[in-house]
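**Student:** Sharing a structure here in C-alpha cells format.
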Amino acid sequence: MARQLTFTLTRESTDERLGLTLSSTDANDPPFVKRLTGLAAKSGLQVGDVVLSINSRPCANSRVATNLVAGAGVTLQIKVQRDEGREVVAALTRGGRPLGLVMDARNVVVELVPDSAAAESGEVMVGDRILEVNGNPVAPGDNIVSFFPSGEVPIKLRLLRTREAEHHAALQVSYGDAAAPTQAFDTQERALLREAFVDLGGTDSLPLPLSAAYAALVHFKPDAPFEELRALSRRALGGEAPLSFNGFCTLMEHLRAEYTAAHRLFSVLDAAGVGLISATDLSARLAALYEPLGVPKAKQDDEIADMVAAIPRSFEGPISRADFTAAIQT
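Per the working numbering, the sequence shown starts with residue 69, numbered consecutively.
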C-alpha cells in the first residue's frame, strides 16, 4: 500500500546544498528520490520515495521536478508517495530459461516475461520492489542487472510486496488470448467496445499495440497515477503479445469492476467529464442533490462544507476523481 507524506527542508541560504538527488525511469515518469546526503538525509525522506509535488506544485516528470528544486528558496516542501507492504523472499533458478524480470528505475517489477523463470516460479508479482539480490542490498536507481549472477546460480530475492501488487496478481489474465472471449458485456456493449477497438486502430488481423492500450486506459482513468496505467497497459499485452479484441474487452471488464459507487457519484458531479472539479462546483452540485431531501439549509451547508474539507488533495486546486473516491470509500 502506498502512503502520501510531506517533508520540509529548510536551509540557511540558497547557497547551501540540499543533498537531494532525483531520478526517473524516463523523461515522462514521476521522479523518485535516488540519493540523500546532508540536509535531505535528515529530513525523513527515503530513497525510493516518488515525488508528487514540490512547494505545492505538481511534478509531472523529472524535468519539472529539477526546475522546481533549482528555483526553490530556503524552504522546500516535498510531497511524496511511499511504498508500504510486507517483505517476502523469492527463490529463482533459470533452468535454461530467461530470468524474465522487467523493472523500472526504482527496481519495481513492471512485467514478468511469459514462460520465464520468474513467471513460472509464481513467487514474484508485478508491483514488487526488489530490495536485495543474493544478500546484496539494491537501492532504487542502482543498475540492478549487474546484481544478478549468470548461468544456473540460484537467485534469492528480498522483495517489498504492496497491497497493490497482490491486487494486480489477482487480476492477472492473458489479455492477448484471442480464444478466450469475456462474457461480461452484452451484445450492445460489445458492439460499442468493438467500435472503440477499431477507433484505436485494432482489427481482427491487427491487434492493438501498447500505445493504444495506454490511450484507452488514459481515457477511462484520466487522473490515475502514471505508473498504474503503464503497468496495466504492459500487463494487458501479456508481455510482447498484442492486445486482441477479446483481450481489450477483458481489460475494460476489470476497469468497470473498479468503477465503484463513489466513482459513479463523482461522474454525476463532474458534469464536464474531465476528472477534476473545483471545491465550489462540488459544493453546489452536492447542494442540488441534497435539495429533494428537505434537509434544513444551515445543516445542509455544514455537512457539505465538512465533506468537501475532508477530501485530501494530491495537489493544490481542483479535486480529482482519485482523491474524491479515496475519501468516500475510506
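C-beta atoms are modelled at their ideal positions from N, C-alpha and C, and glycine is treated no differently.
Because the structure is a prediction, the values reported are computed rather than measured.
Per DSSP, what are the beta-bridge partners of residue 344 in this structure?
**Tutor:** Indexing the sequence shown from 1 puts residue 344 at position 276. Answer by DSSP bridge pairing, in chain order: 388.
**Student:** Locate the alpha helix (DSSP H) running through residue 365, then write down its first and last residues.
**Tutor:** The residue labelled residue 365 in the question sits at position 297 within the sequence shown. Here the alpha helix (DSSP H) through residue 365 covers 365-377.
**Student:** Residue range of the alpha helix (DSSP H) that residue 137 falls in?
**Tutor:** Start at 1 with the first residue of the sequence shown, and residue 137 comes out as number 69. Residue 137 -> alpha helix (DSSP H) spans 130-138.
**Student:** Starting from the Cα of residue 199, find the closest Cα among 187, 188, 190, 212 and give me that residue.
**Tutor:** In the sequence shown, counting from the first residue as 1, residue 199 sits at position 131. Ranking 187, 188, 190, 212 by Cα distance to residue 199 puts 212 first.
**Student:** Looking at C-alpha atoms only, which residue of 104, 227, 194 is the closest neighbour of residue 115?
**Tutor:** Walking along the sequence shown from the start, residue 115 turns up at place 47. Considering only alpha carbons, the answer is 104.
**Student:** Three Cβ pairs or more, each shorter than 8 Å: is that satisfied between the stretch 147-167 and the stretch 176-188?
**Tutor:** yes
**Student:** Considering only DSSP beta bridges, list what residue 121 is partnered with.
**Tutor:** As a first step, residue 121 is located in the sequence shown; it is residue number 53 there, counting from the start. DSSP, once it has assigned bridges, lists 126, 147 as partnering residue 121.
**Student:** Check each candidate in 113, 98, 128, 100 and name the one with the smallest Cα separation from residue 77.
**Tutor:** For the purposes of this step, residue 77 is identified with residue 9 of the sequence shown, where counting begins at 1. Nearest option by C-alpha distance: 113.
**Student:** What three-state label does DSSP hand residue 72 in the structure shown?
**Tutor:** The sequence position of residue 72 within the sequence shown is 4, counting from 1. It is a strand residue.
**Student:** Tell me the DSSP secondary structure of residue 106 in three-state form.
**Tutor:** Along the sequence shown, read from residue 1 onward, the residue named residue 106 stands at position 38. In the structure shown, residue 106 adopts helical secondary structure according to DSSP, grouped into three states.
**Student:** May I ask which residues mark the beginning and end of the beta strand (DSSP E) holding residue 226?
**Tutor:** Locating residue 226 in the sequence shown gives position 158, counting from the first residue. In this chain, the beta strand (DSSP E) harbouring residue 226 covers 223-230.
**Student:** Who are the near neighbours of residue 137 in its chain, counting only those whose CB is closer than 8 Å to its CB and skipping five residues on each side?
**Tutor:** Your numbering for residue 137 matches position 69 in the sequence shown. Answer for residue 137: 86, 88, 90, 122, 144, listed in chain order.
**Student:** For residue 174, count the other beta carbons within 10 Å of its own beta carbon; 16 or more makes it buried, fewer makes it exposed. Which is it?
**Tutor:** Reading the sequence shown from its first residue, position 106 is the one you call residue 174. By the neighbour-count rule (16 or more Cβ atoms within 10 Å), residue 174 is buried.
**Student:** By Cβ distance, which residues of its chain are closer than 8 Å to residue 155, with the 5 residues on each side in sequence left out?
**Tutor:** Locating residue 155 in the sequence shown gives position 87, counting from the first residue. 199, 226, 227, 228, 229.
**Student:** What is the DSSP secondary structure of residue 355, reduced to helix, strand or coil?
**Tutor:** Working through the sequence shown from its first residue, we reach residue 355 at position 287. In this structure, residue 355 counts as helix in the three-state DSSP scheme.
**Student:** Just the C-alpha distance for residue 74 and residue 146, rounded to the nearest angstrom, thanks.
**Tutor:** Reading the sequence shown from its first residue, position 6 is the one you call residue 74. Reading the sequence shown from its first residue, position 78 is the one you call residue 146. Straight-line Cα distance between these residues: approximately 6 Å.
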